[in-house]
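Have a look at the structure below, then the notes.
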Amino acid sequence: GAGVSQSPRYKVAKRGQDVALRCDPISGHVSLFWYQQALGQGPEFLTYFQNEAQLDKSGLPSDRFFAERPEGSVSTLKIQRTQQEDSAVYLCASSPRALNEKLFFGSGTQLSVL
Amino acid sequence: LAKTTQPISMDSYEGQEVNITCSHNNIATNDYITWYQQFPSQGPRFIIQGYKTKVTNEVASLFIPADRKSSTLSLPRVSLSDTAVYYCLVGALDTGRRALTFGSGTRLQVQP
Chain A
-2 GAGVSQSPRY KVAKRGQDVA LRCDPISGHV SLFWYQQALG QGPEFLTYFQ NEAQLDKSGL
58 PSDRFFAERP EGSVSTLKIQ RTQQEDSAVY LCASSPRALN EKLFFGSGTQ LSVL
Chain B
597 LAKTTQPISM DSYEGQEVNI TCSHNNIATN DYITWYQQFP SQGPRFIIQG YKTKVTNEVA
657 SLFIPADRKS STLSLPRVSL SDTAVYYCLV GALDTGRRAL TFGSGTRLQV QP
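Chains A and B are the protein sequences, given in the same order.
Residue -2 is where the first sequence starts when you use my numbering, and the numbers rise one by one after that.
Residue 597 is where the second sequence starts when you use my numbering, and the numbers rise one by one after that.
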């Protein structure tokens, strides 16, 4: 049983570059979340998908951040024109059903913007 | 939203029982209490969830007093591998609220 898989594990980007972070949730999981975790802090919610529908994007910090889950499985978080303050670990989590507090997290993608 | 307060850090020794208390004075009637564990370079892992009284699983116990204004995560006989950050989350998901809020957590350091 594979868990939540995220790629790449590490990403270094020059300021101004666009990046795309991938999340493969556990097969069949309905809910998918993206979180951002700064060094020494707890994860902060970015956005939520229920199947292919993005039901909550209230945590996205700016319009440079965009997420999609077109077929209700794999999700991509895209950050355009990266800034240094975007440097963080981006965590993806999935859950077998909607409105469930038990989440299964991936190991995250560590993004460093130089 | 219920605000949670937990110690920033705790130290323990192998074989001891560790109790981490979380205060949540503004907990709502429908709110659950959920604890996660996070190791370095990994995502958080669900440990336990409860609503009232006591819940126990193979990893931990969760004690919740009658007024539900606090909760205590109990880790029996900790080992070095229990060194991690522990997060207390309070809330219930509904159509108006899709995700729980993580605080800064409690850093537990277990020493030999």
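Even glycine gets a Cβ: it sits at the ideal position worked out from N, Cα and C.
None of these values were measured; they are calculated from a predicted model.
> In three-state DSSP terms, what is residue 677 of chain B?
Replying inline: helix
>> Output needed for residue 614 of chain B: all residues of its chain with C-beta closer than 6 Å, excluding positions within five of it in sequence on either side, in chain order.
In response: 608, 671 and 674
> Is any beta-carbon of chain A found at less than 9 Å from that of residue 678 of chain B?
Replying inline: no
> Any idea what DSSP makes of residue 607 of chain B, helix, strand or coil?
Replying inline: strand
>> At the 9 Å Cβ level, is residue 696 of chain B part of the contact set with chain A, yes or no?
In response: yes
>> Measuring alpha carbon to alpha carbon, tell me which residue in B:656, B:660, B:622 and B:688 is nearest residue 649 of chain B.
In response: B:660
> Relative to the C-alpha of residue 601 of chain B, which residue among B:652, B:640 and B:667 is closest?
Replying inline: B:667
>> So with CB distances below 8 Å, who are the chain B contacts of residue 49 of chain A?
In response: Chain B residues near residue 49 of chain A: none, gap ~15 Å exceeds 8 Å.
> Looking only at C-alpha atoms, which of B:702, B:707, B:708 and B:706 sits nearest to residue 631 of chain B?
Replying inline: B:702
> Which residues share a DSSP beta bridge with residue 615 of chain B?
Replying inline: B:670
> What span of residues does the beta strand (DSSP E) with residue 630 of chain B cover, start to end?
Replying inline: 628 to 634
> Exposed or buried, which one is residue 81 of chain A when buried takes at least 16 other CB atoms within 10 Å?
Replying inline: exposed
> In its own chain, which residues sit with a C-beta less than 8 Å from the C-beta of residue 95 of chain A, not counting the 5 before and 5 after it?
Replying inline: 27, 28 and 47
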